[in-house]
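If you're matching positions, the sequence shown starts at 445 in the numbering used here and goes up one per residue.
No residue lacks a Cβ here, since even glycine has one placed at the ideal position from N, Cα and C.
The next block holds one structure in the form of structure tokens; read it before the comments.
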Amino acid sequence: MAETIRAQNIAAYKFTSSDHLLLDANVWLFVYGPQKPGDYRAAVYSKALLSILAAKSHIYIDVLVVSEFINTYARIQFYMTEVGGEFKQFRKSAAFKPVAQDIAADVKRVLQHCTRVTNRFESQSIDGMLNEYAMGDSDFNDQVLLNLCKDANWMLVTDDGDFRNRGVAVITANRRLL
């Protein structure tokens, strides 16, 4: 059983230069990705990023976060275009070219704020992670990110409700976590 660490409200959190943060893909999507009109989280996480940068907090990113950002962004754009067909067809179409360019530009914007790191996959307890995954209520990528944060003693900035009581300090606007 993971130790219980109370999530902190991102709107009230005072970021400092000694904070070491991993921002989840969903946070980057609220800041740089396509948004539903009126979703308050885009403003909350954008304001938080400004505070993080002003405080000179340390921001880390790994390939899983980048991959989830890219793939989720592309799928959101696919569903917004309503072109029909399958996602892979959309990715091969001329309509996807400007979307891919936007995604690449936004990933570059994300990366300019971050230190790229490896997720230390080779040293993680794969058997334990697969056993937890096999129980059916744990996302594998989430487990990798949790282990990365635990090993490095980083705080996780996320809007994902799956990170409740997982033994990592969480900063969020997600009311279910607070």
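- The straight-line gap separating the alpha-carbon atoms of Phe531 and Gln545 is approximately 17 Å.
- In the DSSP assignment, Thr616 falls within the beta strand (DSSP E) that extends over 614-616.
- Non-local beta-carbon contacts of Leu589 in its own chain, meaning distances under 8 Å to residues more than five positions away in sequence, involve Leu466, Asp468, Asp506, Leu508, Val509, Asn563, Leu600 in chain order.
- Boundaries for Leu555: no beta strand (DSSP E) harbours it, while the alpha helix (DSSP H) harbouring it runs 540-555, taken from the DSSP string.
- 8 Å or more divides the Cβ of Ile496 from the Cβ of Cys558.
- With contacts defined by Cβ atoms closer than 8 Å, Ile520 and Gly477 form a contacting pair.
- The beta-carbon separation of Thr516 and Leu574, rounded to 24 Å, does not stay under the 8 Å limit for a contact.
- The continuous alpha helix (DSSP H) containing Val471 extends over residues 469-476.
- Counting other Cβ atoms within 10 Å of its Cβ, Asn470 reaches 16 or more and is therefore classed as buried.
- Judged by their CB atoms, Asp586 and Asp606 are nearer to each other than the 8 Å cut-off.
- Annotation for Ile449: no alpha helix (DSSP H) segment contains it, and DSSP assigns it neither H nor E.
- Taking C-beta atoms as the reference points, Val554 and Phe513 count as a pair closer than 8 Å.
- Ser567 has its alpha-carbon roughly 31 Å from the corresponding atom of Leu622.
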